[in-house]
Amino acid sequence: MRKLTSLLAATALTATAVLPAAAEKWDMPMAYSASNFHSATGAEFAKCVTTGTGGEIEIVTHPSGSLFKGADIKRAIQTGQAPIGERLLSGHQNENALFGFDSIPFLATSFDDSEKLWQAAKPSLEKLLAEQNLTLLYAVPWPPQGLYFKDEVNSVAEMKGIKFRSYNNATSRLAELTGMLPVTIEAAEISQAFATGVADSMVSSGSTGYDRKVWESLNYFYEVDAWLPRNYVMVNSDVWSGVSDANKNVIKGCAELAEYAGNWRAKEYTGFTLQGLRDGGMNVGPASEQMTNELKEIGVTMTNEWLEAAGDEGKAIVDAFNSDQ
Ligand code: PCA
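In my numbering, each number is its position in the sequence shown, counted from 1, plus 112.
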């Protein structure tokens, strides 16, 4: 018995000895389901950091809002309850209009334009986040946003009174301007919301509809390509400044890879998920000309409202984006 105990003690010592001097575990809350491409990219990023730092920093992802709900993730990281995490950038539009730069209807409607708009906005966003004790690591767009409905809709007038699931200020405003009734619900909870009739429509990507199997409740997806909102991964700035230069370089390298892979996945996932919606039994196609034109008019109103709310800095972002066209 004595022999066994000392053997165990020796093994334990050896195990401790191979662990890096300052091993840290970073829990990484994420809002979307594990099967979603953002979550898959985050899981690979986490592995890359764990391997690249030789285990000195081990990142463990927690998808589906399981550690913190989407709406609480940023605050959790700001206050150090979690060192790192992922969130929808425009989810913070209620704090500062600049966060909504990527949810302006019909401003940037393709992956290329979305990238240009991101490059124009990135310095302002980095500054804004830095003021909140947050360091931006990487950001990846969602596929283009379209409209989901239970019943066929061919004009804005037909939207009146429909219960609409929103995910940020812009989507709530879109609902108001189309006469719909917005209710904010996290993506992780939409399947239930649609099944129970809490909502009968939303604006989102084919990706989210596919991930949440919305064909069980909804029947139409109109490819409006209204905008491409972004998710971003942030780290608490105090935590970040405590990281060694060598490990910072590893994390930045992994973040660059993740951004590249995430962009690639988003593009690949666009067609794949629209086909998935069709296979699930949904009608997938462009909106009628009338509905498209009416939505574009609403887009002009929302662009003007955003420019007013976001001030000179917002205008500079849109001007820089337009001059790059
Ligand atoms: N899916 C997320 C945000 C944008 C998207 O395509 C959602 O619906 O919550």
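Beta carbons are placed, not taken as given, at the ideal position from N, Cα and C, and that holds for glycine. On a predicted model such as this, the values are computed, not experimentally measured, just so you know.
Using 8 Å for Cβ pairs, my map puts K239 next to N331. What's the rounded Cβ distance? That pair is no contact at about 44 Å.
Exposed or buried, which one is D350 when buried takes at least 16 other CB atoms within 10 Å? exposed
Just mark D424 as buried or exposed, buried being the case when its beta carbon has 16 or more other beta carbons within 10 Å. exposed
First and last residue of the uninterrupted alpha helix (DSSP H) at W418: E401 to S435
Terminal residues of the continuous beta strand (DSSP E) containing Y250? L246 to P253
T153 Cβ short of 7 Å to ligand 1 heavy atom set: no
Any heavy atom of ligand 1 closer than 7 Å to the beta-carbon of P175? no
Run the proximity test for Q402: is its beta-carbon closer than 7 Å to any non-hydrogen atom belonging to ligand 1? no
Whole-angstrom C-beta distance between A152 and I185, which should lie under 8 Å: Not really, about 18 Å apart at Cβ, beyond 8 Å.
Specify, as a first and last residue, the run of the beta strand (DSSP E) that K379 falls within. Per DSSP, K379 belongs to no beta strand (DSSP E); it is in the alpha helix (DSSP H), D357 to D391.
Quick one: what does DSSP say T126 is sitting in, helix, strand or coil? Low confidence applies to T126: its pLDDT is 48, below 50, so where it sits in the model is not reliable enough to give any reading.
Kindly list the residues whose CB is nearer than 6 Å to the CB of D436, restricted to its own chain and excluding five residues on each side of it in sequence; keep chain order. K228
Can you tell which of N266, T173 and G192 has its C-alpha closest to the C-alpha of E198? T173
Quick check on K228: does DSSP put it in helix, strand or coil? helix
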